[in-house]
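Trainee: Submitted below is the structure of interest, expressed as structure tokens.
Chains as they are written, first to last, in this note's numbering: chain A, 1 to 114; chain B, 1001 to 1114.
Printed below as a string of structure tokens:
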């Protein structure tokens, strides 16, 4: 099956610093990727849609200046959490679409902000 | 907006017992997808149902899509400890700008006692 990787798998940072998370589709090209966050024992909440070659579209309530998304190529999307604070601590998961309705998830990045 | 509700939120069973989780959408869905997320892991695609009244089986797992395409169920026969995890249903969002976007149910956390 299709493979989506994420890096890093976990990160601990100090409050006020920025953290970049990479999402790569390893064996297919993805014009569209999604970024989710998930709190413990809760569902996945869609944060934004990352489109190659155009600006990301954000879900209502998600601060675009805080969660910067760049879809630099057909295999790479990055999410930068700027000026991270403890409340940003969460599990961030990306997914990529290979064909319509076939979505593959990355392994996730666990962010802890001290 | 579209809501996808899933019950129960938690289910504890003894190994060998059956398990069922139910998913209900506030809107008619073009398809419904099911995912499994192991503890500490990421969602893994299980199946997609498209047709009204469709029933699909994967070994001990039986998936059903309602006639009205607004509800679905996942039934596991004779659970095993390897079935532990959270089971999510997800439906595609309606709307022209929603390509690939999914609305996830809250998930059912399954615990299997040996």
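Where is the CB? At the ideal position from N, CA and C, for every residue including glycine.
Everything numeric in this text was worked out from a predicted model, so none of it was measured.
1) Answer with buried or exposed for residue 1010(B), where buried requires no fewer than 16 other C-beta atoms within 10 angstroms of its C-beta.
2) Between the region 1058-1075 of chain B and the region 102-110 of chain A, do at least 3 Cβ pairs fall closer than 8 Å?
3) So within the region 42-92 of chain A, which uninterrupted beta strand (DSSP E) runs reach at least 3 residues, ignoring any that extend past its ends?
4) Suppose the cutoff is 6 Å on Cβ atoms and the five residues either side in sequence are ignored; what does the same chain contact list for residue 3(A) look like?
5) Beta-carbon within less than 6 Å of residue 1025(B)'s beta-carbon, same chain only, minus the 5 sequence neighbours each way: which residues are those?
6) Once the 5 residues before and after residue 1031(B) are set aside, which same chain residues still bring their CB inside 7 Å of it?
7) Taking DSSP as the reference, what is the three-state secondary structure of residue 1082(B)?
8) Quick one: using the 10 Å Cβ neighbour count with 16 as the cut-off for buried, is residue 71(A) buried or exposed?
9) Start and end of the beta strand (DSSP E) containing residue 1048(B)?
10) May I have the straight-line CA-CA distance separating residue 103(A) from residue 83(A), to the nearest angstrom?
11) Applying the criterion that 16 or more other CB atoms from any shown protein chain within 10 Å of the CB defines a buried residue, is residue 35(A) buried or exposed?
12) When you compare the CB positions of residue 1112(B) and residue 1079(B), do they come within less than 7 Å of one another, or not?
13) Can you check whether the CB of residue 1042(B) is closer than 7 Å to the CB of residue 97(A)?
14) Out of 1108(B), 1100(B), 1109(B) and 1014(B), which one is the CA nearest neighbour of residue 105(A)?
15) Go through its chain and collect everything with a Cβ distance to residue 1038(B)'s Cβ below 6 Å, but skip five positions before and after it.
16) Do you know offhand how far residue 67(A)'s Cα is from residue 114(A)'s?
Mentor: This is what the structure holds:
1) Position 10 of the second chain, counted from the start, is the residue given in the question as residue 1010(B). Classification for residue 1010(B): exposed.
2) no
3) 44-51, 67-73 and 76-81
4) Against the first chain, residue 3(A) aligns to sequence position 3. So the qualifying residues of the chain are 26 and 27.
5) Translated into the one-based positions of the second chain, residue 1025(B) becomes position 25. Once the five neighbours on either side are set aside, the close Cβ partners of residue 1025(B) are 1004, 1070 and 1091.
6) For the purposes of this step, residue 1031(B) is taken as the residue at position 31 of the second chain. Closer than 7 Å at Cβ, skipping near neighbours: 1048, 1049, 1050 and 1092.
7) Taking the second chain and counting its residues from 1, one reaches residue 1082(B) at position 82. Of the three classes helix, strand and coil, the one that applies to residue 1082(B) here is helix, per DSSP.
8) Position 71 of the first chain, counting from 1, holds the residue named residue 71(A). Buried, because 16 or more other Cβ atoms sit within 10 Å of the Cβ of residue 71(A).
9) Locating residue 1048(B) in the second chain gives position 48, where the first residue counts as 1. Counting along the chain, the beta strand (DSSP E) containing residue 1048(B) begins and ends at 1043-1049.
10) Along the first chain, read from residue 1 onward, the residue named residue 103(A) stands at position 103. Along the first chain, read from residue 1 onward, the residue named residue 83(A) stands at position 83. So the two alpha carbons sit approximately 30 Å from each other.
11) By one-based count along the first chain, residue 35(A) stands at place 35. Buried, since its Cβ has 16 or more Cβ neighbours within 10 Å.
12) Locating residue 1112(B) in the second chain gives position 112, counting from the first residue. Locating residue 1079(B) in the second chain gives position 79, counting from the first residue. In contact: residue 1112(B) and residue 1079(B) (Cβ atoms closer than 7 Å).
13) By one-based count along the first chain, residue 97(A) stands at place 97. By one-based count along the second chain, residue 1042(B) stands at place 42. For residue 97(A) and residue 1042(B), no; Cβs fall outside 7 Å.
14) Taking the first chain and counting its residues from 1, the one referred to as residue 105(A) is at position 105. Minimum Cα distance to residue 105(A) is reached at 1100(B).
15) Residue 1038(B) sits at position 38 when you count from the first residue of the second chain. So the qualifying residues of the chain are 1085.
16) Stepping through the first chain from its first residue, residue 67(A) is reached at position 67. Stepping through the first chain from its first residue, residue 114(A) is reached at position 114. C-alpha separation (whole angstroms): 18 Å.
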